[in-house]
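Participant: Sharing a structure, written as C-alpha cells. Questions coming.
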Amino acid sequence: MSTAEAINNNNRGEARILLADDDPRMLDSLSSLLRLYDYQVETALGGQNAINRLSSDQFDLVLLDLKMPNVTGHDVMNFMSQNNINTMTIVVSGETSMDDISKALRHGAYDYLKKPYVPEELTATVNNAVRKKLLEKSNQLMQSRLNQSERLHRFIVNNSPDIIFILDNKGHFSFLNSKIEALLGHPKGSLTGQHITSIVEDDELEKINYFFENSVNTSGIQTIETVLKSNSANDSTRHFELSLYPIEEDDNGNLNTNQRYRIYGTARDITERMEAEAFINFQAYHDLLTRLPNRALFKDRLSVAITQAQRNNTELAVMFIDLDRFKIINDSLGHTMGDRLLQSVAQRLQACIRKGDTLSRFGGDEFTLLLPEVKNADAAVHIAEKILADIKKPFQLGNREVFIGASIGIAIYPESGEDMDALIKNADIAMYRVKKTGKDGYQLFNSEMHNASTERLMLEQDMRRAIDEDEFEICYQPQVDTATQKICGVEALIRWNHPDLGRLSPVEFIHVAEDSRLIVEIDKHTLRKACREVRHYHRNGMPTLRLAVNLSPVMIEKDTFIDDILTTLKEEQYPPGLLELEITENILMNDQKDVIEKLLRLANEGINLAIDDFGTGYSSLSYLQNFPVNTLKIDRSFISEIKNSDDNACIVNAIVSMAKGLKMSIVAEGVENHEQYSYLNSLGCDVVQGYLFGHATSLNQLAQQFSSDLALLQDASIS
1 MSTAEAINNN NRGEARILLA DDDPRMLDSL SSLLRLYDYQ VETALGGQNA
51 INRLSSDQFD LVLLDLKMPN VTGHDVMNFM SQNNINTMTI VVSGETSMDD
101 ISKALRHGAY DYLKKPYVPE ELTATVNNAV RKKLLEKSNQ LMQSRLNQSE
151 RLHRFIVNNS PDIIFILDNK GHFSFLNSKI EALLGHPKGS LTGQHITSIV
201 EDDELEKINY FFENSVNTSG IQTIETVLKS NSANDSTRHF ELSLYPIEED
251 DNGNLNTNQR YRIYGTARDI TERMEAEAFI NFQAYHDLLT RLPNRALFKD
301 RLSVAITQAQ RNNTELAVMF IDLDRFKIIN DSLGHTMGDR LLQSVAQRLQ
351 ACIRKGDTLS RFGGDEFTLL LPEVKNADAA VHIAEKILAD IKKPFQLGNR
401 EVFIGASIGI AIYPESGEDM DALIKNADIA MYRVKKTGKD GYQLFNSEMH
451 NASTERLMLE QDMRRAIDED EFEICYQPQV DTATQKICGV EALIRWNHPD
501 LGRLSPVEFI HVAEDSRLIV EIDKHTLRKA CREVRHYHRN GMPTLRLAVN
551 LSPVMIEKDT FIDDILTTLK EEQYPPGLLE LEITENILMN DQKDVIEKLL
601 RLANEGINLA IDDFGTGYSS LSYLQNFPVN TLKIDRSFIS EIKNSDDNAC
651 IVNAIVSMAK GLKMSIVAEG VENHEQYSYL NSLGCDVVQG YLFGHATSLN
701 QLAQQFSSDL ALLQDASIS
C-alpha cells in the first residue's frame, strides 16, 4: 500500500472540513454525505461566519459557495490569502460565470463543482483534495523534522568538546568544526585541503603515516594517541586521541559501495587526562613532599639491583638514614618548618650520591639509599661520611638556623643479607645501634646486631603478654610540700616484673613500647591501676594524696584520649581533682589547636595538668599562657648541679620566678641532698621529690610511714 493510499484510507478521521454556504439545506446535505466517510465536518452559515471560523480554527479543506450575500465566497478567499491561511478550497456553487470560476481558481481553489452536485463526483473530489492536503502536511512535518535534525546536528558538531573533521582517502581535510580554533588556534578555513600531517608534531608523524599506508581501507574504528601542533600564542603541547572511522561511498555519495573511502574523525584533547595519569603514577611511586622515590619504588629498584648483582657477582649497599633531633625541631617550630627541613635534607642527600644511586624517603624522617655495584664496604662508608658531614651543616628555616644530625645503618649484599627485606631490615638494625651509642654516625651491620634486634623483638612480644598477665607494677615516689614537710602527693612510676629477665625499670623497655605504640595500652593500664590503688588507700583512712601520672605523646595524640581518661576515672570512682597528668612540653608544639582543646576539656573536668621535665625542650611563655597548665616540674638535670653551676642556678631561679608570675606551682625533681632542698626551699619551690625523701615504693610502705606518725623529713637540719 502506498503512502497516499494509507493516508486516504486511514487518516480521513483526522481531516477537518469547513462547509460555507448561505443555504442551511445545502449545509445539512453536504454534512450528512461527508460524515459517511468519517470526515470531521463543521458548518458556517454565510461568508462572515466562515471568516470567523477560519480565524479561530484550522481546517484542511473548505467547501465554499461563491454566491453568498454581503460576504461572498471571493471575500472569504481573499481573507484566506491575506492571512496566509493554508487550507484547500473547493468551490461548490450554482449559476456562476466563467469569470467567477477563473477568479476562484486563480485565488488557489483546488477545484470547482456545480450545484446541484453529483454525490460520487463530490466525494471523489473531496477525497483527492484531502489526500493531497494530508500529503502536504506530512511532507511539511518531515521537512520540519529534517531541518530540526540538521540544526541539532550542526549544534552538536559546532559545540562538541572534540575536534570533528572529515578527510579524503589521502588524508586531506574537507571539513573541520570550529573546535580546531578553540583548542589549537588554527582558523577553521585555513586547514581545508591541507593534509592532516600539517598539524601533527614531527615526532608523531610515523603513527599517522602508518595509518594511511596500512589501515585506511580497514573497516572499524582506529584509535591513535598523538600530539598536535598548536597555533596559539602560548604554543603549548597538547595530546589528543584520534578516532578514525572509514566511510565507504561512490562518486555520487552513496555509502557502502566499496569504491572509495573518506574518513570521519574526532580528536579529543586528553592532555589533562594524561597529566592526571602521570601525577597518579608519580604519586604511587614518589613522596610528594620531597619528590623522591617512595618505599614501593625503592623496593622495586632494590629487587632489580639484587638480580643484577647476583648475575654479575658484585656487591651493593643499602643505607638506612634516620635524622637526629628532627622531632625536637618539628615539635618546637611546627610541621611546616619540619616539612621545609625534610625538603632541604633531601636536596643535600641527593647532592651526595652518584648517578644511578636511588635515594628514597622511607617515611617520616627516615631515608633509604641504594648503592648498586659498590666495590666494597669502604665505598659505602665514604658516601656515609660525606652525608654526615653535609647534614651537620646548619639549615636555614626562615630567620632561624637549626642543626641536626643523622644516624646511618649500612647493609652490604650479600654479606648482610641476600634478599630485599633482609637488607632493609639489617640496615635499619645497624641504624638503631648508632642511635643507642650516641647518634650522629654510621654503623655497618654485623651478626651481633641481629641478636640485639631479636632480643628487642622478643621484648616487644613479651610486653604484649605482660599487659594481659598484669606483670606491670606501680611504684609511688612521694612528693613533699616544702611548707609542711609532709607528703602531699605521689608520682606513679611503672616497673615490669618480667618472668625471665626480672624487675625492669622503664629505661629498659619504654623505648620499645613507644616504637611499637604499645605505650598507649601501658599508659591506660598504669592510670587505671594507680587510680584503683590510691582510691583504696584513701578509703582505708590514709591522708588524701594527689596522684601524678605520666602520659606519653602517643596517647595524647589519639582521638579517644579524653574519653579514655574520663571513662577510667568514672569506672574507678577516682576524684578528678586529685589527679595530675604529666606531659612533656614538646607535645604542646604538635597541632596546638587540637592539644589545647583536649587539655581544656580535662581542665574543665577538674583534672590538674603539669609539664614534666620543664626546661629541656622548647620552653616558651607564649604557649604557657595558652595552655591550662597548673604545675611546672623542673627537670632533675638542673637540680643535680644547682650548687655547682651558676647557669643551672640561674635557670632554676628563672623558672620559679616565671611560675610564680603565672600563678603556677613548682615541683623540683631529683632532690637528693639537704643542700639542694634548702636552696629550692629558699627560692619558694612548692613541692620537691627525690631520693632524699625515699625511692619509689609501694603504697603499703608509704602507709607505714604515715601510720607511725612520722614526718617524711626526719632530719631537723633540713628545715
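Heads up: the sequence shown is residues 1 to 719, going by full-length UniProt numbering.
Ideal placement from N, C-alpha and C gives every residue a C-beta, glycine not left out.
Quick check: what's the CA-CA separation for Leu-167 versus Asp-269?
Facilitator: Mapped onto the sequence shown, residue 167 falls at position 167. Mapped onto the sequence shown, residue 269 falls at position 269. Rounded to the nearest angstrom, the two C-alpha atoms are 19 Å apart.
Participant: Identify which residue in Ala-654, Tyr-476, Leu-692 has its Cα closest to the Cα of Glu-672.
Facilitator: The sequence position of residue 672 within the sequence shown is 672, counting from 1. The candidate whose alpha carbon is nearest that of Glu-672 is Leu-692.
Participant: Do Ile-383 and Met-337 have their C-beta atoms closer together than 9 Å?
Facilitator: Residue 383 sits at position 383 when you count from the first residue of the sequence shown. Residue 337 sits at position 337 when you count from the first residue of the sequence shown. Between Ile-383 and Met-337, the gap from beta carbon to beta carbon reaches 9 Å or more.
Participant: List the whole-angstrom C-beta distance separating Leu-64 from Thr-43, where the pair is believed to meet the contact cut-off of C-beta under 8 Å.
Facilitator: For the purposes of this step, residue 64 is identified with residue 64 of the sequence shown, where counting begins at 1. For the purposes of this step, residue 43 is identified with residue 43 of the sequence shown, where counting begins at 1. Rounded to whole angstroms, the Cβ separation of Leu-64 and Thr-43 is 12 Å, and the two are not in contact under 8 Å.
Participant: When we look at the beta-carbon of Thr-568 and count the other beta-carbons within 10 Å, is it buried (16 or more) or exposed?
Facilitator: Taking the first residue of the sequence shown as 1, we reach residue 568 at position 568. Buried.
Participant: Can you tell me whether Gln-347 is buried or exposed, with buried defined as 16 or more other CB within 10 angstroms of its CB?
Facilitator: Locating residue 347 in the sequence shown gives position 347, where the first residue counts as 1. Its Cβ having fewer than 16 others within 10 Å, Gln-347 is exposed.
Participant: Taking the C-alpha atoms as reference points, what is the distance between Gln-143 and Ile-85?
Facilitator: Counted from its first residue, the sequence shown places residue 143 at position 143. Counted from its first residue, the sequence shown places residue 85 at position 85. Straight-line Cα distance between these residues: approximately 19 Å.
Participant: Please confirm if the region 357-377 is in contact with the region 320-340, defined as three or more CB-CB distances below 8 Å between the two stretches.
Facilitator: yes
Participant: Are the Cβ atoms of Arg-528 and Val-490 separated by less than 9 Å?
Facilitator: On the sequence shown, position 528 is the one that residue 528 refers to. On the sequence shown, position 490 is the one that residue 490 refers to. No, the Cβ-Cβ distance between Arg-528 and Val-490 is not below 9 Å.
Participant: Output needed for Ser-360: all residues of its chain with C-beta closer than 7 Å, excluding positions within five of it in sequence on either side, in chain order.
Facilitator: Indexing the sequence shown from 1 puts residue 360 at position 360. The residues Leu-292, Pro-293, Asn-294, Arg-295, Leu-297, Phe-298, Phe-367, Thr-368, in chain order, have a CB closer than 7 Å to that of Ser-360 in the same chain once the five nearest residues on each side in sequence are set aside.
Participant: From the DSSP output, in three-state form, read off Cys-352 for me.
Facilitator: Mapped onto the sequence shown, residue 352 falls at position 352. Helix.
Participant: Identify every residue that forms a DSSP beta bridge with Arg-546.
Facilitator: Residue 546 sits at position 546 when you count from the first residue of the sequence shown. DSSP, once it has assigned bridges, lists Gly-489 as partnering Arg-546.
Participant: State the CB to CB distance for the pair Asp-462 and Asn-550, rounded to an integer number of angstroms; the pair is presumed to be in contact (CB under 8 Å).
Facilitator: Here residue 462 refers to the residue found at position 462 of the sequence shown. Here residue 550 refers to the residue found at position 550 of the sequence shown. Not really, about 22 Å apart at Cβ, beyond 8 Å.
Participant: Scan the region 261-316 and note each continuous alpha helix (DSSP H) run of 4 residues or more that stays entirely inside, going in chain order.
Facilitator: 271-285, 295-312
Participant: On the three-pair Cβ rule with 8 Å, is the region 682-699 touching the region 652-668?
Facilitator: yes
Participant: Taking only three categories from DSSP, how would you classify Gly-606?
Facilitator: Position 606 of the sequence shown, counting from 1, holds the residue named residue 606. Gly-606 falls in the coil class under three-state DSSP.
Participant: Would you identify the three-state DSSP class for Thr-584, choosing helix, strand or coil?
Facilitator: Your numbering for residue 584 matches position 584 in the sequence shown. Residue state, collapsed to three classes: strand.
Participant: I need the boundaries of the alpha helix (DSSP H) containing Thr-567, first residue and last residue.
Facilitator: Residue mapping note: residue 567 aligns to position 567 of the sequence shown, counting from 1. Run containing Thr-567: 561-572, per the alpha helix (DSSP H) assignment.
Participant: Taking DSSP as the reference, what is the three-state secondary structure of Thr-697?
Facilitator: Here residue 697 is taken as the residue at index 697 of the sequence shown, counted from 1. It is a strand residue.
Participant: Would you mind giving the Cβ-Cβ distance between Phe-403 and Ile-429, rounded to the nearest angstrom? I have them listed as a contact below 8 Å.
Facilitator: Here residue 403 refers to the residue found at position 403 when the sequence shown is read from its first residue. Here residue 429 refers to the residue found at position 429 when the sequence shown is read from its first residue. Distance from Phe-403 to Ile-429 at the Cβ level is roughly 27 Å; contact not present, criterion being Cβ atoms closer than 8 Å.
Participant: Roughly how many angstroms separate the alpha carbons of Ile-639 and His-536, rounded to a whole number?
Facilitator: Against the sequence shown, residue 639 aligns to sequence position 639. Against the sequence shown, residue 536 aligns to sequence position 536. Spanning the two alpha carbons is a distance of roughly 34 Å.
Participant: Using CA coordinates, which residue listed in Gln-222, Ala-351, Ser-303, Ser-230 is at the minimum distance from Glu-241?
Facilitator: As a working note, residue 241 is residue 241 in the sequence shown. Minimum Cα distance to Glu-241 is reached at Gln-222.
Participant: What do you get for Gln-477, buried or exposed, if any count of 16 or more other CB atoms within 10 angstroms of its CB means buried?
Facilitator: To locate residue 477, count along the sequence shown from 1; it is residue 477. Gln-477 should be labelled buried.
Participant: Tell me the DSSP secondary structure of Leu-518 in three-state form.
Facilitator: On the sequence shown, position 518 is the one that residue 518 refers to. Here Leu-518 sits in coil by DSSP.
Participant: Could you tell me whether the region 405-416 touches the region 435-442, where touching means 3 or more Cβ pairs closer than 8 Å?
Facilitator: yes
Participant: Excluding the five sequence neighbours on either side, which residues of its own chain have a C-beta within less than 7 Å of the C-beta of Val-656, listed in chain order?
Facilitator: Here the question's residue 656 lines up with position 656 in the sequence shown. Counting only Cβ-Cβ distances below 7 Å, and skipping sequence neighbours, we find Ile-666, Leu-683, Gly-684, Cys-685.
Participant: What does DSSP give as the partner residues of Gly-405 in its beta bridges?
Facilitator: Here the question's residue 405 lines up with position 405 in the sequence shown. DSSP, once it has assigned bridges, lists Asp-324 as partnering Gly-405.
Participant: I need the straight-line Cα distance from Arg-145 to Leu-135, nearest angstrom please.
Facilitator: The residue labelled residue 145 in the question sits at position 145 within the sequence shown. The residue labelled residue 135 in the question sits at position 135 within the sequence shown. Approximately 15 Å, taken between the alpha carbons.
Participant: Can you grab the Cα-Cα spacing for the pair Pro-414 / Val-374, in whole Å?
Facilitator: Your numbering for residue 414 matches position 414 in the sequence shown. Your numbering for residue 374 matches position 374 in the sequence shown. Straight-line Cα distance between these residues: approximately 12 Å.
Participant: Cα separation between Glu-315 and Ile-353?
Facilitator: Here residue 315 is taken as the residue at index 315 of the sequence shown, counted from 1. Here residue 353 is taken as the residue at index 353 of the sequence shown, counted from 1. Answer to the nearest angstrom: the Cα atoms are 17 Å apart.
Participant: Quick check: the Cα distance between Cys-650 and Ala-610, rounded to an integer number of angstroms?
Facilitator: Mapped onto the sequence shown, residue 650 falls at position 650. Mapped onto the sequence shown, residue 610 falls at position 610. Rounded to whole angstroms, Cys-650 to Ala-610 spans 22 Å at the Cα level.
Participant: Mind listing, in chain order, the continuous alpha helix (DSSP H) runs of no fewer than 4 residues lying wholly within the region 404-480?
Facilitator: 420-436, 447-469
Participant: Between which two residues does the alpha helix (DSSP H) carrying Pro-119 extend?
Facilitator: Mapped onto the sequence shown, residue 119 falls at position 119. Unbroken alpha helix (DSSP H) run through Pro-119: 119-158.
Participant: Under 9 Å between the Cβ atoms of Tyr-37 and Phe-165?
Facilitator: Position 37 of the sequence shown, counted from the start, is the residue given in the question as residue 37. Position 165 of the sequence shown, counted from the start, is the residue given in the question as residue 165. No, the Cβ-Cβ distance between Tyr-37 and Phe-165 is not below 9 Å.
Participant: Please name the residue in Leu-599, Val-76, Leu-342, Ser-178 whose C-alpha comes closest to that of Phe-561.
Facilitator: Indexing the sequence shown from 1 puts residue 561 at position 561. Phe-561 has its Cα closest to that of Leu-599, out of Leu-599, Val-76, Leu-342, Ser-178.
Participant: Okay, do the region 575-590 and the region 498-517 touch, 3+ Cβ pairs below 8 Å being the bar?
Facilitator: The answer is no - the region 498-517 does not touch the region 575-590, with fewer than three Cβ pairs under 8 Å.
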